[in-house]
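See below for the structure under consideration.
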Amino acid sequence: MEPPSESSSADTSATPSSSDQTPRRAKRRRVSSGSSSLHGNENKSQDHKRPVHNPDRDAKFLERVVEELQKVAKRKRPSTRSARRPTQWGPVNAKRMLKLRQNAKPPARDEVCYVTCEEAEKLLEPGKFFDGPIVTRNTQQFKWSPLEVDGTPIQQFLNRWVPDLDWKVSVQDSILEKGGTKSSSEEWELRELLEYYNKEVSRHGYRSLNVLDMRNTLPDSISLNFLNGFDTQMLPQVRNQIAAGPSRSLSTGPWHGWGNYREAEKWTLLCFGPAQTLEHEDPLAPDTYLALQKGELGIGWVSRAGEEEVAAFSENPQESDALFPKIRYLRLEAGQTVYFPAGTIHFVFRAKDARTLITGGHVMRWSRIQEWMANTLNQVRHPNIASDAVLPHAEHYVTAVASLVQSREREGRVDEIGGREAIAAFWRLKEEFDELIQESNGDETKKEEEEEE
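Counting with the numbering used here, you get residues 687 to 1139 for the letters of the sequence shown.
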């Protein structure tokens, strides 16, 4: 991996403290974050492995992005009477992102955690929780070939690790028209993307291409070292529960329920130009990690959103000003990874000359089933807050998690999933979820009957 450029400025990494946590949901549990493991002389030898937060460099990056966004947001189309309003996705998104960026502040010391890979793993042990982004570095065994041998990581990824450049992927293009049934994305062949990348960025102006949810074809060694603990391995078991059916023998045929599972354990994000991903939660309420392989990336989030911010965002996603006081940002460098807890409202921004390659993935934690159920329920109630459709996959996920919880209860392993109080809360929330789904299905049936008449 390309080594990140580190600053000599003082490290402002946060030390998590359970007393500082403010719930983002009404019934969010306060648990120990294990702060004692991140202090003391025994960790001084780890300082060279810890990423350094550089507020000055972050601020300069933010200033550059804001200036570029202002230019994009002011672009008009004088040939039509509707020229006062932007009609392409790029200017529309730039206007909203500009508001977010102008209200963003650097995180306080206790709002973000800059740690070594070993310390990140300790923060994700059962029963431990940090309510904010965790930033670490050098988290994978996989290494890119030298630049002079095989080119940049993006060139290596497309030329070597993608089996077929004729593959088609969904690409968000900033110059596509907005309005009516028009989509913000279209299909491109990977061969076309490689040709686009090989051109000079300056020739593309402010146009951006954003490839989302592309399958990660890199070897398993790309996986993050700090996610090897038991507590972060719930999603593979959910996948097996949904897709494999009752059998746990090696399969020689199609998996039983693969179509009911949303593939999300690992994926790739590829972007050329100043693509902006507006504020959202990731669907089905997982924890999320983004490992930056190439380029420079801005990450924004709502720090410890309370009931008021969550309610405002749920009712009016991407238009609520209630989030502004708690918006924070940081800049990610190649070689660094950011990890968000479930339910984090976040957004991503880039500079005009950006060429970024990100390997990302989702995580579910055994010890946080109560919070996962609460976040999933809120996404079903307010589907527009998620970046992708929540239903019908949420039904299959909830059924699978409920089965796993029942199994742990039968085997007396309740401490692994948060204890009896968390389990009781999970079942109460599941009852609300089931009632909501039943009500929704009833409305759909009624609508279909009315259409038939």
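For every residue, glycine included, the Cβ atom is placed at its ideal position computed from N, Cα and C. Fair warning: this is a prediction, and the values are worked out from it, not measured in the lab.
Check                                                                                                                                                                    : Outcome
Have a look at Val738, Asn884, Asn779 and Asp744 and flag the residue whose alpha-carbon is nearest the alpha-carbon of Glu965.                                          : Asn779
Evaluate Asp742 with the Cβ neighbour count: other Cβ atoms within 10 Å of its Cβ, from every protein chain shown; 16 or more gives buried, anything less gives exposed. : exposed
Could you give the C-beta distance for Glu967 and Gly891, rounded to a whole number, given that I count them as a contact under 8 Å?                                     : Not a contact, Cβ separation roughly 32 Å.
Could you please give me the residues that DSSP links to Cys799 through a beta bridge?                                                                                   : Ile820
Output the boundary residues of the alpha helix (DSSP H) element that contains Lys1164.                                                                                  : Outside the shown range of the chain (687 to 1139) lies residue 1164, about which nothing can therefore be said.
Do you know how far the Cα of Thr974 is from the Cα of Met1050?                                                                                                          : 9 Å
Going by the CB atoms, is the gap between Lys1116 and Glu754 shorter than 8 Å?                                                                                           : no
Under 8 Å Cβ to Cβ from Asn824, same chain only, skipping five residues before and after it: list those, please.                                                         : Met687, Lys735, Cys803 and Gly1021
Taking Val1024 as the reference, which of Glu1081, Lys864 and Phe912 has the closest Cα?                                                                                 : Phe912
Is it buried or exposed, Ala1060, if we count other Cβ atoms within 10 angstroms and call 16 or more buried?                                                             : buried
Taking just the CA atoms, how far does Ser1053 sit from Arg716?                                                                                                          : Residue confidence is low: Arg716 scores 45 on pLDDT, short of 50, so the model does not pin down where it sits. Its coordinate-derived value is still stated next. Approximately 12 Å, taken between the alpha carbons.
Does DSSP put Met1050 in a helix, a strand or coil?                                                                                                                      : coil
Please name the residue in Asp1007, Ile1103, Ile1109 and Glu1107 whose C-alpha comes closest to that of Lys1143.                                                         : In this structure the chain extends from 687 to 1139, so residue 1143 is not present and cannot be described.
Once DSSP output is grouped into helix, strand and coil, what is the label at Leu862?                                                                                    : coil
Measure the C-alpha to C-alpha separation of Gly915 and Glu807 and round it to an integer number of angstroms.                                                           : 7 Å
Look at the alpha carbon of Phe1112 and the alpha carbon of Lys1012, and state the distance between them as a whole number of angstroms.                                 : 28 Å
Helix or strand or just coil, what does DSSP make of Asn1064?                                                                                                            : helix
Does the Cβ of Ala745 have 16 or more other Cβ atoms within 10 Å, making it buried, or fewer, making it exposed?                                                         : exposed
Taking C-alpha atoms, which residue in Pro819, His739 and Val1066 lies nearest to Val988?                                                                                : Pro819
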